[in-house]
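See structure below.
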Amino acid sequence: MAITSHTVDGYLDSLESLRDPQLAQSLYDEGSVIMADVLLVLHGAEHRARRLLELKVFRRDFFRYYEQELFPATLSQTMRPFVESGHADLIDLGYRVTMNLTADFAGIDRPLKSAEETKKLLALVMCFSEGATLVHSTRNKEEVRQEVRAALREFEHGFYMPSLNRRRALLERVRQGDLAETELPRDVLTVLAQNEDRIDLPPDVMMREIAFYLQAGSHSTANATAHAFHDLFTWASQHPEDAQRMASDPLFQQRCVHESLRLHPASPVAWRKPICPMHLPTGDQAATDDKVIIDLAHANR
């Protein structure tokens, strides 16, 4: 039996659909090899519980720490070889910068801080991204799944378990009174490790959750970086009066980047599946085996 698809493309209808608790995420069902049970695909009570736990990383003092201390140091290290050479491919640079920043936030250690280490982790993250977007792949999908499974094994032994074990050791020092809790790493993996016994988070799900943060944070942001640079330079060439303002006014520059994000959503569409028979904002009646396609690219314009 063919699946009935419903398209929502008006701005207000799309906004209402994205907020509707009767519509569950479905774009990443085929990419379950990397996306199964991660925050993005959870729904209802499970999603709320995981989100509330991980929101601890999004506190104001955490943001201040990342913006003023951690990110500038990581950005400087990643940019240094490109600054010294005098040139860079923007896509490659975008991936390297965002992947390292996201790794700090997710809680993946890179003890060597070397270009080779970054290259190795980046290759794994790009494989994860291919798995997450498997629904759009033109390749043999089982072949992609096998590559993702192999990448997860390499990630587990080379990056994930060393990072997790270090955090567990630090948490034990806190329990013993040898370390202040304020001295713990401020990242998602630390928060999850602190709460392993309080939430239903099997080891494989916990690892995929961190892999998800890595691929989502770097893949989408690197693409957004390329779009933003193109849009800013194009606008400046056509509106020279704004070029100097972009360079001297950070808030104006931020507004320009926000506008670029609006014009180029990370995914042009969002897929949802009804968890019960329902009426869509368009007036359509949707059944539980139907597909709801929210056209974000159209709605944003």
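Residue numbers for the sequence shown follow our numbering, so the first one is 436 and each next one is one higher.
We put the CB at the ideal spot given by N, CA and C, even for glycine.
Asked	Found
Please tell me whether V579 and L649 are closer than 8 Å, where the distance is taken between their beta carbons.	no
Does the Cβ-Cβ distance between L525 and F687 come in under 8 Å?	no
Looking at the unbroken alpha helix (DSSP H) that takes in S461, where does it start and where does it end?	Run containing S461: none; DSSP gives neither H nor E here.
Starting from R499, follow its DSSP beta bridges and name the residues at the other end.	Beta-bridge pairing links R499 to no other residue.
Among D464, L636, D448, which one has its Cα closest to the Cα of W706?	D464
At the level of alpha carbons, what is the spacing between P700 and G542?	26 Å
Counting along the chain, where does the beta strand (DSSP E) carrying S440 start and finish?	440 to 443
With respect to the alpha helix (DSSP H) encompassing P709, which residues constitute its N-terminal and C-terminal limits?	It is not in any alpha helix (DSSP H) - P709 instead sits in the beta strand (DSSP E) that spans 704 to 709.
In whole angstroms, what is the alpha-carbon distance linking A459 and L599?	31 Å
Of the choices G718, M713, R601, I729, whose alpha-carbon is the least far from that of Q457?	M713
What residue does the alpha helix (DSSP H) around K491 start on, and which one ends it?	Taken as a continuous stretch (DSSP letters only), K491 belongs to no alpha helix (DSSP H), as it is neither H nor E.
Considering K576, what are the terminal residues of the beta strand (DSSP E) in which it resides?	Run containing K576: none in the beta strand (DSSP E); it sits in the alpha helix (DSSP H), 576 to 590.
Drop a sphere of 10 angstroms on the beta-carbon of L547, count the other beta-carbons inside from all chains shown, and report buried for 16 or more, exposed for fewer.	exposed
I728 lies in the beta strand (DSSP E); which residues open and close that run?	726 to 730
Using C-beta distances below 8 Å, list every residue in its chain close to R643, excluding the 5 sequence neighbours before and after it, in chain order.	I469, M470, A471, D472, V473, L587
Are there three or more Cβ pairs, one per stretch, closer than 8 Å when the region 517 to 524 is compared with the region 479 to 496?	no
Hey, out of A558, A604, H571, P597, whose CA is closest to V583's CA?	A558
For A396, which of helix, strand or coil comes out of DSSP?	Nothing in the structure corresponds to residue 396, since the chain is present only between 436 and 736.
Look at the Cβ atom of H654, then the Cβ atom of S564, and state whether they are nearer than 8 Å.	yes
Mind checking whether D666 and S702 have CB atoms under 8 Å apart?	no
Using alpha carbons as the reference points, say which of K708, L715, D622 lies closest to T723.	K708
Identify whether H665 lies in helix, strand or coil by the three-state DSSP scheme.	helix
What separation, rounded to the nearest whole angstrom, lies between the Cα atoms of A484 and S452?	22 Å
Identify, in the order they occur along the chain, each residue of the same chain with its Cβ nearer than 6 Å to the Cβ of V476, setting aside the five sequence neighbours on each side.	Q460, Y463, M470
Under 8 Å between the Cβ atoms of D684 and V492?	no
What is the rounded straight-line gap between the Cα of M641 and the Cα of L556?	18 Å
Between which residues of its own chain and T553 is the CB-CB distance below 8 Å, once the five residues before and five after are set aside?	T513, R531, M534, N535, R545
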